[in-house]
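A short write-up of the structure that comes next.
Number of protein chains: 2
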Amino acid sequence: MKLATLKDGSRDGQLAVVARDLKTAHIADGIAPTLQAALDDWAFVAPQLAFLYDELNAGRARRSFEFDPGRCMAPLPRAYQWADGSAYVNHVELVRKARGAGMPASFWEEPLMYQGGSDDFLGPQDDIVLAREEWGIDFEAEVAVVTGDVPMGATPDEAYRQIRLLTLVNDVSLRNLIPDELAKGFGFLQSKPATSFAPVAVTPDELGDAWKGGKVHLPLRSIWNGRPVGQPDAGVDMVFNFPQLIAHLAKTRNVRAGSIVGSGTVSNKDASKGYSCIAEQRCLETIEHGSAVTQFMRFGDTIRIEMLDEQGKSLFGAIEQKVARLEADAS
Amino acid sequence: MKLATLKDGSRDGQLAVVARDLKTAHIADGIAPTLQAALDDWAFVAPQLAFLYDELNAGRARRSFEFDPGRCMAPLPRAYQWADGSAYVNHVELVRKARGAGMPASFWEEPLMYQGGSDDFLGPQDDIVLAREEWGIDFEAEVAVVTGDVPMGATPDEAYRQIRLLTLVNDVSLRNLIPDELAKGFGFLQSKPATSFAPVAVTPDELGDAWKGGKVHLPLRSIWNGRPVGQPDAGVDMVFNFPQLIAHLAKTRNVRAGSIVGSGTVSNKDASKGYSCIAEQRCLETIEHGSAVTQFMRFGDTIRIEMLDEQGKSLFGAIEQKVARLEADAS
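Here the protein sequences come in this chain order: P and H.
Convert by adding 30 to the 1-based position in the first sequence; the result is the number in this note's numbering.
Convert by adding 30 to the 1-based position in the second sequence; the result is the number in this note's numbering.
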C-alpha cells in the first residue's frame with residue numbers, strides 16, 4: 031500500500047491512500063487522521079487502509095481524485111525521531127580518503143548514525159530555503175524506513191518485523207559547515223538543515239523481490255539541474271541493512287512508532303554508477319586530480335530523486351526541489 | 031501557569047493544569063487534548079489554560095483532584111525535537127582537562143549542542159531501565175525550555191519571545207559508551223538513552239525575578255541515593271543563555287513548536303556547589319588525585335533532581351528515579 035500526507039494548512043496534514051500507479055488518491059481521514067496516528071495503532075489501522083487501497087486500485091473507491099505530488103507534505107510532516115545511518119561505507123571511505131584520512135576498521139563493523147531534526151520536514155516539491163550559498167549546499171539521495179515500536183535491545187530480526195514503510199529522502203547537507211561542526215565532537219546540527227521526503231511511503235510488499243535481506247535492490251536516480259548524475263543500486267555495497275541500523279539505534283533505548291531510519295547516501299564502489307551527493311563527486315575529483323572541480327548547489331538549482339521499479343514505474347514518486355534564498359527579512 | 035501530562039494509557043497522555051503549590055490539578059482536555067496540541071496553537075489555547083489555572087489556584091475549579099507526580103508522564107511524553115546545549119562551559123573544560131585535552135577557544139564563543147532522541151521520554155518517577163551497569167550510568171541535571179515556532183535565522187531576541195515553558199531534565203548518559211561514539215565523529219547516539227523530565231512545565235512568569243536574561247537564577251539540587259551532591263546555581267556560569275541556544279539551533283532551519291532545548295549539565299566554577307553529574311566529580315578527582323574514586327550508578331540507585339524557589343517551594347516538582355535492570359527477555 032502507498033500512503034501520502036496532503037497539505038491542508040495543518041501541521042500534520044491529511045492522510046491519503048495513493049493508488050499503486052500514483053495516478054489517483056483517496057482521503058483516509060475516516061480511518062486515521064494522520065500517518066502518525068496510523069503508525070501509533072498500526073495493527074488496527076493498516077488493514078482498513080489496505081482495504082481502501084485495494085478499492086482504489088480496482089477503480090471502486092467512491093471519492094478518488096487525481097493524485098498531485100505537489101500537494102504533498104512529507105509522509106510524516108514531523109516525526110518523533112529521524113536517525114540517519116551511513117550504511118554505504120564506501121561513501122565514508124571516499125570522503126575520508128579525499129582529505130587524507132584513513133578508515134577505522136570499526137566503520138565496517140558498526141554503523142555510523144546521527145540524529146537529525148525531525149520537527150520540520152519538507153515535502154517532495156517544497157523549496158530548499160537557505161540563507162547562504164557559501165554554506166556549500168548539497169543534496170544526499172537516500173532510502174529510509176519508518177518503524178513501529180522496537181523495544182530496547184531488539185535483534186535485527188526483531189527490528190525487521192517492525193519495518194512499516196519505506197520512502198526516499200533528500201538529506202540536504204551544508205558541506206562547508208560540517209568540518210567545524212564535527213571538530214566540536216557533538217555531531218551534525220547546523221550542517222544538516224531540514225530533510226525532504228518523497229511524495230509517498232510504501233509498505234515493503236510493494237517492492238516485491240526488490241525488498242530482500244533488509245535492503246532495497248533497485249537503482250536510486252539523482253538528476254541535478256536536469257542532468258542524470260547518479261543511479262547507484264541501493265542493494266549493492268550497503269554494508270549494514272535496515273534491520274541492523276534499527277537494532278543499532280535500539281541498543282540502549284526503546285524506538286517508538288513513527289521513527290524514521292535512513293540508509294545514508296547511497297553509493298556504489300562502481301564509480302560508473304555516478305553519485306548521490308556532490309561531495310562524493312568532489313572527493314573522486316580530489317583523489318584523481320588533486321582538487322575538486324564540481325561546485326555545490328546554487329540558488330535556483332534543481333534536484334530530482336526517484337526510484338523506478340523493474341517495469342520503469344516510479345515507486346515513491348519523485349522528490350523535485352529547487353534551492354531558494356531565504357527572504358532577507360528573516361535571515 | 032503549570033502544566034503536566036497524566037498517564038492514561040495513551041502515547042501522549044492527558045493534559046492537566048497543576049496548581050502553583052503542586053497540590054491539586056485539573057484535567058484540561060476540554061481545552062486541548064495534549065501539551066503538543068496546546069503548543070501548536072498557543073496564542074489561542076494558552077489564555078484558556080491560564081483561566082483554568084487561576085480558577086484552580088483560587089480553589090474554584092470544579093473537578094480538581096490531588097496532584098500525584100507519580101501519575102505524570104514527561105510534560106511532552108514525546109516531542110518533535112530535543113536539542114541539548116552545553117552552556118555551562120566550565121563543565122566541558124573540566125571533562126577535557128581530566129583527559130588532558132585543552133579547550134578550543136571557539137567553545138566559549140559558540141554553543142556546543144547535540145540532538146537527542148525525543149520519541150520516548152521518561153516521566154519523573156519512571157525507572158531508568160538499562161541492560162548493563164558497565165555502560166557507566168550517570169545522571170545529568172539540567173534546565174530546559176520548550177519553544178513555540180522560531181523561524182530560520184531568528185536572533186536571540188526573537189528566540190526569547192518564543193520560550194513557552196521551562197522544566198527540568200535528567201539527561202541520562204552512558205559514560206563508558208561516549209569515548210568510542212564521539213571518536214566516530216557523528217555525536218552521541220547509544221550513549222544518550224531516554225531522557226527524563228520533571229512532573230510539570232511552567233511558563234516563564236512563574237519564576238518571577240529568577241527568570242532574567244534568558245537564564246534561571248536558582249540552585250538546581252541533585253540528591254543521589256539520598257545524599258545531596260549538588261546545588262549549583264543555574265544562573266551562574268551559564269555562558270550561553272537559552273535565547274542564544276535556540277538561535278544557534280535555528281541558524282539553518284525553522285524550529286517548530288514543541289521543540290525542547292536543554293542547558294546542558296548545570297555546573298558552577300565554585301566547586302563547593304557540588305556536581306550535577308557524576309562524571310564531573312570524577313573529573314575533579316582525576317585532576318586532584320590522578321584517578322577517579324566515585325563510581326557511576328548501580329542498579330537500585332536513586333536520583334532526585336529538584337529546583338526550589340526563594341521561598342523553598344518546589345517549582346517543577348521533583349524528578350525521582352531509580353536505575354533498574356532491563357528484563358533478560360528483552361536484552
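From the three backbone atoms N, C-alpha and C, an ideal C-beta is built for every residue, glycine too.
Do the CB positions of residue i and residue j come within less than 8 Å of each other?
| i | j | result |
| --- | --- | --- |
| L82/H | I61/H | yes |
| L86/P | G347/P | no |
| V353/P | I167/P | yes |
| A171/H | N200/H | yes |
| V176/H | A131/H | no |
| D114/H | G265/H | no |
| Q145/P | L219/H | yes |
| V302/P | S252/P | Per the sequence shown, residue 302/P should be read as Ser rather than Val. Going by C-beta atoms, S302/P is not nearer than 8 Å to S252/P. |
| A73/P | G288/P | no |
| A192/H | G147/P | Correcting the residue type first, residue 192/H is Gln in the shown sequence and not Ala. Against a cut-off of 8 Å, the Cβ pair of G147/P and Q192/H comes out as no contact. |
| V173/P | V296/P | yes |
| D263/P | P273/P | no |
| T197/H | F169/H | no |
| I276/H | A213/H | no |
| T282/P | M143/P | no |
| V269/P | G304/P | no |
| A309/H | V119/H | no |
| A117/P | P134/P | no |
For residue i and chain H, any beta-carbon pair shorter than 8 Å?
| i | result |
| --- | --- |
| S203/P | no |
| K214/P | yes |
| A360/P | Confidence at A360/P is low in this model, with a pLDDT of 46, below 50, so its placement is unreliable and the value that follows should be read with caution. Interface residue, yes. |
| P77/P | no |
| G294/P | no |
| M133/P | no |
| F74/P | no |
| G217/P | yes |
| S297/P | no |
| M31/P | no |
| G304/P | no |
| L124/P | no |
According to DSSP, which residues form a beta bridge with residue i?
| i | result |
| --- | --- |
| M143/H | G115/H |
| F227/P | V199/P |
| W241/P | V246/P |
| A414/H | Look at the range of chain H in this structure, 31 to 361, and you will see that residue 414/H is not part of it. |
| T177/P | I193/P |
| T332/P | K352/P |
| M327/H | I167/H |
| V232/P | K32/P, L196/P |
| E172/H | V199/H |
| L152/P | S226/P |
| L204/P | I167/P |
| S136/P | Partner(s): none; S136/P has no beta bridge. |
Give a yes or no on whether 8 Å exceeds the smallest Cβ distance from residue i to chain P.
| i | result |
| --- | --- |
| N284/H | yes |
| M143/H | yes |
| L69/H | no |
| R41/H | yes |
| G166/H | no |
| Q220/H | yes |
| S289/H | yes |
| G147/H | yes |
Fill in: Runs of alpha helix (DSSP H) wholly within the stretch 252-323 of chain H (minimum 4 residues, chain order)
Listed in chain order, the complete alpha helix (DSSP H) runs (minimum 4 residues) inside the stretch 252-323 of chain H are 272-279, 308-319.
Fill in: Contained alpha helix (DSSP H) runs [length at least 4] in the stretch 32-106 of chain P, N- to C-terminal order
Complete alpha helix (DSSP H) runs here, min 4: 65-70, 72-87.
Worksheet item: What residues in the stretch 252-283 of chain P have a beta carbon less than 8 Å from any beta carbon of chain H?
Response: Result list: H278, L279, K281, T282, R283.
Worksheet entry | Residues in the stretch 102-121 of chain P having any Cβ partner in chain H nearer than 8 Å | Flagged, chain order: R108, A109, Y110, Q111, A113, S116.
Worksheet item: Name the residues in the stretch 150-162 of chain H whose C-beta lies less than 8 Å from a C-beta of chain P; which are they?
Response: Contacts with chain P (Cβ-Cβ distance below 8 Å) from the stretch 150-162 of chain H involve D150, V159, L160, A161, listed in chain order.
Discussion item. Output needed in chain order: residues of the stretch 223-245 of chain P with a Cβ under 9 Å from some Cβ in chain H.
Written reply: Of all residues in the stretch 223-245 of chain P, P223, A224 have a Cβ within less than 9 Å of some Cβ in chain H.
Worksheet entry | Contact list for the stretch 176-189 of chain P against chain H, Cβ threshold 7 Å | Listed in sequence order: P181, M182, G183.
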